[in-house]
Amino acid sequence: MMHKLNGRFRLLAASAALAMVMGASQPAFAETPKDTLVEAFAMDDIITMDPGEAFELSTAEMTSNTYSLLVRLDLNDTTKVVGDLADSWTVSDDGLTYTFKLKPGLKFASGNPITAEDVAYSFERAVKLDKSPAFILTQFGLNGDNVTEKAKAADETTFVFTVDQAYAPSFVLNCLTATVASVVDKKLVLEHVKAVTPTEEYKYDNDFGNEWLKTGYAGSGPFKLREWRANEVVVLERNDNYYGEPAKLARVIYRHMKESSGQRLALEAGDVDVARNLEPGDYEAVAKNGDLATTSAAKGTVYYISLNQKNEALAKPEVREAFKYLVDYDAIGSTLIKGIGEIHQSFLPKGVLGALDENPYKLDVAKAKELLAKAGYPDGFTVTMDVRNSQPVTGVAESFQQTLGQAGVKLEIIPGDGKQTLTKYRARNHDMYIGQWGMDYFDPNSNAETFTSNPDNSDEGKNKTLAWRNAWDVPELTKKTKEALLERDSAKRAETYKELQKTVLAESPFVIIFQQTEVAGLRGNLKGLKLGPSFDTNYVWNVSKE
């Protein structure tokens, strides 16, 4: 867990103390530098830092602290948004045109002015790159051919966004809080574009700076990205060109540490200021330590097991139902996720419009055996599950392996780091997968869209939702999910989402287990650290040290 600094990062480390923080081979100090926040964080899921491509939970936190958006979620009232780059906005009477006026005098970290043209280019590159998060924008009718007309600058400070249907305005605005809508520095990105040869799948002659932005930075947030080394470290530095209140600390360093016990020991020793991935036992130990403190927040994140419908056995309705009776929810709730989660079997987290608070399934091996026999598997079968090698998912997978075995189903666990398991999952090459889904924006459609919508179930499908990843072909549910977006009556809209959740509970290939409570242990001298309701609202610019 200790990493030596490379030559380039040593230039950044202005003192021996910072070198200590990063694990250089010298005697350890009892505290981190006064101007630096050091977090121990399991972040092996980071694949890219390009906000037009990144779709991993850890990256969302980095992006939200380094890039600006038109609007952000109002943390004081999550049913609303507040302006970030946008000073004001209006919606046309027909509900199709959103006009944003930018705040005056804005600058990127590079010093380049922020204009509406930068906003338009950010939308264009995200849509044309068509990476995993692009659907958040393309669902409004945007595509490579029309995006420059549908998302354009009317003048230097006016950005106009035209959608294809009269959606509920709150839905549109909530989508624009997603990290894929981050505004990039057009001038800077264009200096780093790479020429490519157009193909049938990708018809553009450049990569819109994607290769550079995987590790580069072109934002305007409170911090700027200094460095990312995969499975090792992320370094953020204060952006002195930020238009809002300056970050209180000079830099933030995220050290990749997988093990909860290692994080706790580093926190107790003063080697880190924050431990982010504590398991129940370590979290409890930190809470009892008078020199330390804890914080927590209910997250809009659910943990689930999914069954790929390309697998003949897993595609049988009786097998899908049987597996929901083969989870020891009570044991998982009282041990593996104690203090860090709550058993919750619906895809909408508590606190979201229309969330269903029903947990109909309990461990029932006899019932499961009956269903498996009905499906033609009285003696069970063998199946694999890809599992990110971290807690609590590893513990949940092992618990599930044991209870499946009681019904004759032999489960082979295939461990891997976040990148390995996600890449295989996104290619639909798994049997089963255990993971977490965090809301991309604080609206019920964020989860409904991914669990109940699959417009094109072919391997070439563009909307790579969780339903698509698991080859769950559901045209009627897809239609119903789309209709919910056009319902302006909140009560009626909530009822539609409750119906969708009941269908998923009864019929889907998703075994939803719990809703996350994110926790952190911290040194007693930290002030202002507050976890948000989503992974892209864990802000660090307000954090200071006594």
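Residues -30 to -1, 1 to 516 (mature numbering (1 follows the signal peptide of the UniProt record, and there is no 0)) make up the sequence shown, in order. Yeah, the Cβ is synthetic: ideal placement off N, Cα and C, and Gly gets one too.
{"Query": "Three-state secondary structure (DSSP) of tyrosine 253", "Result": "helix"}
{"Query": "Of the listed residues Arg234, Leu284, Asp155, nearest to residue 523 (C-alpha basis)", "Result": "In the structure as shown, the chain starts at -30 and stops at 516, and residue 523 therefore has no counterpart that could be examined."}
{"Query": "Beta-carbon proximity of lysine 194 to glutamate 207, cut-off 7 Å", "Result": "yes"}
{"Query": "Span of the alpha helix (DSSP H), counted from its first residue to its last, around valine 289", "Result": "287 to 294"}
{"Query": "Distance, threonine 167 Cα to valine 322 Cα", "Result": "44 Å"}
{"Query": "Runs of beta strand (DSSP E) wholly within the stretch 162 to 222 (minimum 3 residues, chain order)", "Result": "193 to 199, 203 to 208"}
{"Query": "Whole-number beta carbon distance between valine 222 and leucine 7, since they are thought to touch under 8 Å", "Result": "5 Å"}
{"Query": "Contact between the stretch 491 to 498 and the stretch 297 to 310 (3+ Cβ pairs under 8 Å)", "Result": "no"}
{"Query": "Spatial neighbours of alanine 464 in its chain, beta-carbon cut-off 7 Å, leaving aside the 5 residues before and after", "Result": "Leu323, Gly324"}
{"Query": "Complete alpha helix (DSSP H) runs within the stretch 352 to 406 (minimum length 4 residues, chain order)", "Result": "363 to 376, 388 to 396"}
{"Query": "Buried versus exposed, by CB contacts within 10 Å (16 or more), leucine 436", "Result": "buried"}
{"Query": "Inter-residue Cα distance where the pair is lysine 228 and asparagine 209", "Result": "29 Å"}
{"Query": "Three-way DSSP call (helix, strand, coil) for valine 474 in this model", "Result": "helix"}
{"Query": "Glycine 191 classed as buried or exposed, judged by whether at least 16 other C-beta atoms fall within 10 angstroms", "Result": "buried"}
{"Query": "Burial state of alanine 476 (16 or more Cβ within 10 Å)", "Result": "exposed"}
{"Query": "Simplified DSSP state of leucine 112, which is helix, strand or coil", "Result": "coil"}
{"Query": "Top-ranked residue by Cα proximity to glutamate 516, from Leu277, Leu219, Asn508", "Result": "Leu219"}
{"Query": "Status (buried if at least 16 other CB within 10 Å, exposed otherwise) for lysine 339", "Result": "buried"}
{"Query": "Spatial neighbours of serine 92 in its chain, beta-carbon cut-off 6 Å, leaving aside the 5 residues before and after", "Result": "Val153, Val154"}
{"Query": "Nearest to aspartate 64 (by Cα), restricted to the options Arg42, Ile275, Glu382, Tyr137", "Result": "Tyr137"}
{"Query": "At least 3 beta-carbon pairs within less than 8 Å: the stretch 89 to 106 vs the stretch 121 to 138", "Result": "yes"}
{"Query": "The stretch 366 to 378 touching the stretch 300 to 312, judged by at least three CB pairs closer than 8 Å", "Result": "yes"}
{"Query": "Those residues which DSSP pairs with leucine 277 across a bridge", "Result": "Met402"}
{"Query": "Start-to-end residues for the alpha helix (DSSP H) that takes in alanine 90", "Result": "86 to 99"}
{"Query": "Alpha helix (DSSP H) segment containing threonine 448, residue limits", "Result": "445 to 454"}
{"Query": "Meets three-Cβ-pair contact criterion under 8 Å: the stretch 418 to 429 and the stretch 251 to 263", "Result": "no"}
{"Query": "Simplified DSSP state of threonine 36, which is helix, strand or coil", "Result": "helix"}
{"Query": "C-alpha distance - serine 266 paired with glycine 350, whole-angstrom precision", "Result": "41 Å"}
{"Query": "Status (buried if at least 16 other CB within 10 Å, exposed otherwise) for proline 414", "Result": "buried"}
{"Query": "Proximal residues to serine 231 (C-beta, below 7 Å), its chain only, five neighbours per side dropped", "Result": "Asp252"}
{"Query": "Residues near aspartate 15 by beta carbon distance below 6 Å, same chain, minus five either side", "Result": "Glu26, Ser28, Gly388"}
{"Query": "Validate contact between the stretch 271 to 288 and the stretch 240 to 256 using beta carbons, cut 8 Å, 3 pairs", "Result": "no"}
{"Query": "CA nearest to the CA of glutamate 31, picked from Lys472, Leu112, Thr448, Val205", "Result": "Val205"}
{"Query": "Coil, strand or helix - alanine 104 by DSSP", "Result": "helix"}
{"Query": "For valine 513, three-class secondary structure by DSSP", "Result": "coil"}
{"Query": "Terminal residues of the alpha helix (DSSP H) in which arginine 234 lies", "Result": "230 to 239"}
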